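Numbering of the sequence shown is given in the numbering used here, commencing with residue 561 and proceeding in unit increments.
Think of the CB as a built atom: it goes at the ideal place given N, C-alpha and C, for glycine as much as any other residue.
Note that the structure is a prediction, hence the values are computed from the model and not measured.
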Amino acid sequence: MIAVWLFKNYTQPTAASTLEEFIDRARIGAIPGEIVFGSVILFSIAMIVLGLATAVLQDAPGEVLPHYRVFERLQRSRRRPPRPSTSKPGAMPPKRAVWNRPHARRDEYLTMIITDKGSECAAKVMVDLGRGVTALHGEGMYLKKPREVLICALTETELELLKQSVAAVDPAGFVVVMPATEVSGRGFMPLQVE
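Here it is as structure tokens:
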């Protein structure tokens, strides 16, 4: 943005012939161009220093913001080997639909929710996240009480909302998060390979 501002000051309305003319074009009303130009340069340097100084803080203990790895696999997905063609030799390859083009995949997880309030938790998760939930009936071996085990596939950006939804319905429930190698179906990658 600073480069654009400098370029505009240099070229508008015509190219500046001297450094004094270039700096004078930064004038804002009664404020001289030297003061405006110096302020912009100092502000830019301060922002760069602040950005570099805080870049390492994302790995600090006690970080409150989730650390998403959305773009980690972008380059790998663009280097996938081409699928073998089933069309006739010399034929034009079919156009790929938007959802089949290489893109950054978010990490996918399989979650198990262990709760006494299975139907309430499932309803809350389906409403809040718009994801399907599968219920399995089980028994807690420690207390010998019947439990519901809810299974739900999610992406990494939905994990915190899932935990909040479960805690709102059953604060004594458990959420177990397991990484999934691949999840295919509605809301994820297509099941059908073209």
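Same chain only: Cβ atoms within 7 Å of residue i, ignoring 5 sequence neighbours per side
i	result
Gly-745	Leu-751
Phe-582	Asn-569, Tyr-570, Ala-576
Gly-678	Ala-695, Glu-708, Leu-710
Cys-681	Ile-673, Thr-675, Leu-710, Val-726, Val-729, Asp-730, Gly-733
Ile-601	none
Asp-584	Gly-593
Spatial distance of residue i from residue j (CA atoms)
i	j	result
Ala-695	Phe-734	14 Å
Val-564	Val-743	44 Å
Gln-724	Leu-612	34 Å
Ser-577	Asn-569	12 Å
Ala-713	Gln-572	55 Å
Ala-727	Leu-721	10 Å
Met-607	Ser-599	12 Å
Glu-716	Phe-603	36 Å
Asp-667	Val-736	16 Å
Met-738	His-697	20 Å
Thr-671	Ala-615	32 Å
Ala-590	Met-749	59 Å
Local Cβ density within 10 Å of residue i, reported as buried at 16 or more and exposed below that
i	result
Ile-673	buried
Tyr-702	exposed
Leu-610	exposed
Leu-763	The displayed coordinates of the chain run from 561 to 754. Any statement about residue 763 would go beyond what the structure contains.
Ala-586	buried
Phe-597	buried
Val-729	buried
Met-652	In this prediction, Met-652 scores a pLDDT of 49, lower than 50, which makes its location untrustworthy; the coordinate-derived value is nonetheless stated afterwards. Per the 10 Å Cβ criterion, exposed.
Val-687	exposed
Val-693	buried
Thr-741	exposed
Where residue i sits in the DSSP three-state scheme
i	result
Val-726	helix
Met-561	coil
Leu-612	helix
Leu-602	helix
Contacts around residue i, its chain only, beta-carbon distance under 8 Å, and the 5 residues preceding and following it disregarded
i	result
Lys-705	Asp-676, Glu-699
Tyr-691	Sequence check: residue 691 is Arg here, not Tyr. So the list reads Val-685, Cys-712, Ala-713, Leu-714, Glu-718, Gly-747, once near-sequence residues are dropped.
Ile-588	Val-596
Tyr-669	Ala-713, Leu-714, Thr-715, Glu-716, Leu-719, Val-737, Met-738, Pro-739, Ala-740
Leu-566	none
Residues of its chain near residue i, where Cβ-Cβ distance is below 6 Å and the 5 sequence neighbours each way are ignored
i	result
Ile-562	Ser-604
Complete alpha helix (DSSP H) runs within the region 676-748 (minimum length 4 residues, chain order): Within the region 676-748, complete alpha helix (DSSP H) segments of at least 4 residues are found at 678-689, 719-729, given in chain order.
Any alpha helix (DSSP H) of 4 or more consecutive residues that is wholly inside the region 564-598: The region 564-598 contains these whole alpha helix (DSSP H) runs: 579-584.
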